[in-house]
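Protein chains in written order, with my numbering: chain A, 178 to 368; chain B, 0 to 199.
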């Protein structure tokens, strides 16, 4: 019998509604479904963990032994070190008069293919495998280009600032752009 | 497992910790209703509650090595269940909010708005028909309760959980749980009265 047979018994109605909502049983077979979802037993999982740890430690030992007993192979560069040579500076056109302008008009535009020097390591040739412990104090420093002073010679500064010598600064070569005048022929009317 | 009534939960736990899946199955059998109903109180849907219950049991099995017996196994299991149910409820709520934002209708922000209707059983047909309207309204109003009140009310209505257990699940003292249940009922009655139901 319901608790809210008497009209207005809201407490009974609430009780019945909550009971109907909550006092439900799960479908049969929950135990079997859980058993099906359960994977390895804890002991099996412990064995799996132990096996994994054993395999991982073996792998670490193998890697360390390979690294220790591996013969050092000097890695020679493919090409001997080359000193960067700056291309000769092309003087700016000195002719400014009308002849020069005429010469520029008649001459085809000069196409210069600028070839940059191959990138070189500023630290010189690689002697051997890079390692922090392999840097010997007697390794000579890479000499600066011989004509470095000739390229830029800073005027002396009264304040004893350190003199900065650029390392092989190639002068910038600006090729003047030859502008060919556009000749437009007059259109003839055709009939 | 025969004669399992004589074996305590703790003994079954020890057996299960040693790898006895049959002992854990007995623990599932003993606690399946409490776990399912706790999940149902949180998510509101029997289908979702079954999924949550199954997840909770599987998680308990996997974490069984961590159970030291400092609390009852049932309490420990219900805590796992409640956490999973709350996670599931948040997921469903997010999904419902997304759905509600795309199609704005009268749907609320709670899965209790689409709660699966659990058929009322054990009462004559005419009585069921007479109470259908009120039942439907009460259910709808339960879905509109604040979550703290609703959780306490529904957990107390499962018939499976003591106030102590509910307090541990909700992280509130027993007195607070009792107050929430009473407050939930007060709110429901006030709303029902406002809807025209008399409370004599």
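For each residue, glycine too, the CB sits at the ideal point set by N, CA and C.
Worksheet item: Are three or more beta carbon pairs between the region 20 to 37 of chain B and the region 193 to 208 of chain A nearer than 8 angstroms?
Response: yes
Discussion item. Measuring alpha carbon to alpha carbon, tell me which residue in B:180, B:64, B:27, B:29 is nearest residue 146 (chain B).
Written reply: Taking the second chain and counting its residues from 1, one reaches residue 146 (chain B) at position 147. Among B:180, B:64, B:27, B:29, the Cα nearest to that of residue 146 (chain B) is on B:180.
Discussion item. Taking 7 angstroms as the limit between beta carbons, can you name the residues of its chain near residue 190 (chain B), skipping five residues before and five after?
Written reply: What you label residue 190 (chain B) is simply residue 191 of the second chain in a count that begins at 1. Excluding residues within five positions, the ones whose Cβ falls inside 7 angstroms are 140.
Worksheet item: How would you call residue 194 (chain B), buried or exposed, if buried means at least 16 neighbouring beta carbons within 10 angstroms?
Response: Counted from its first residue, the second chain places residue 194 (chain B) at position 195. Classification of residue 194 (chain B): exposed, given that the 10 Å Cβ count is below 16.
Worksheet item: Does DSSP put residue 359 (chain A) in a helix, a strand or coil?
Response: To locate residue 359 (chain A), count along the first chain from 1; it is residue 182. Coil.
Worksheet entry | Rounded C-alpha distance that separates residue 166 (chain B) from residue 143 (chain B) | For this step, residue 166 (chain B) is matched to residue 167 along the second chain. For this step, residue 143 (chain B) is matched to residue 144 along the second chain. Cα to Cα, residue 166 (chain B) sits roughly 22 angstroms from residue 143 (chain B).
Worksheet entry | Cβ neighbour criterion (16 or more within 10 Å) applied to residue 118 (chain B) | Mapped onto the second chain, residue 118 (chain B) falls at position 119. With a pLDDT of 43 at residue 118 (chain B), under the threshold of 50, the modelled position of this residue cannot be trusted; read the value that follows with caution. Classification for residue 118 (chain B): exposed.
Worksheet item: When the cut-off is 8 angstroms and only beta carbons count, does residue 226 (chain A) lie next to chain B?
Response: The residue you call residue 226 (chain A) lines up with position 49 of the first chain. Taking Cβ atoms only, chain B never reaches closer than 8 angstroms to residue 226 (chain A), which makes this a no.
Worksheet item: With a CB to CB cut of under 7 angstroms and the five nearest residues on each side skipped, what residues in its chain are close to residue 186 (chain B)?
Response: Taking the second chain and counting its residues from 1, one reaches residue 186 (chain B) at position 187. Excluding residues within five positions, the ones whose Cβ falls inside 7 angstroms are 144, 148.
Practice prompt. Ignoring anything shorter than 4 residues or poking outside the region 41 to 106 of chain B, list the alpha helix (DSSP H) runs there in chain order.
Written response: 45 to 61, 72 to 101
Worksheet item: Taking a cut of 8 angstroms between CB atoms, which residues from the region 133 to 149 of chain B lie near chain A?
Response: 133, 134, 137, 138, 141
Item to complete: Could you tell me whether any Cβ in chain A is nearer than 8 angstroms to the Cβ of residue 58 (chain B)?
Response: For the purposes of this step, residue 58 (chain B) is taken as residue 59 along the second chain, with counting starting at 1. No, residue 58 (chain B) lies away from the interface with chain A (no Cβ there is under 8 angstroms from its Cβ).
Worksheet item: What are the residues of the region 225 to 246 of chain A that lie near chain B, defined by any Cβ-Cβ distance shorter than 9 angstroms?
Response: none
Worksheet item: With distances taken from CA atoms, which of B:135, B:175, B:150 is nearest residue 194 (chain A)?
Response: What you label residue 194 (chain A) is simply residue 17 of the first chain in a count that begins at 1. Taking only the C-alpha atoms, the option nearest residue 194 (chain A) is B:135.
Discussion item. Please return the same chain residues whose Cβ sits closer than 8 angstroms to the Cβ of residue 201 (chain B), not counting the five positions on each side in sequence.
Written reply: Lying outside 0 to 199, the shown extent of chain B, residue 201 (chain B) is not represented and no answer is given.
Fill in: Alpha-carbon to alpha-carbon, residue 344 (chain A) and residue 355 (chain A)
Translated into the one-based positions of the first chain, residue 355 (chain A) becomes position 178. Translated into the one-based positions of the first chain, residue 344 (chain A) becomes position 167. Cα to Cα, the separation comes out at about 33 angstroms.
Worksheet item: How should residue 247 (chain A) be labelled, buried or exposed, when 16 other C-beta atoms within 10 angstroms of its C-beta is the threshold for buried?
Response: The count along the first chain starts at 1 and reaches residue 247 (chain A) at position 70. Exposed is the call here.
Discussion item. Residue 58 (chain B) and residue 200 (chain B) - do their beta-carbons sit closer together than 8 angstroms?
Written reply: Since the first residue of chain B shown is 0 and the last is 199, residue 200 (chain B) is not available in this structure.
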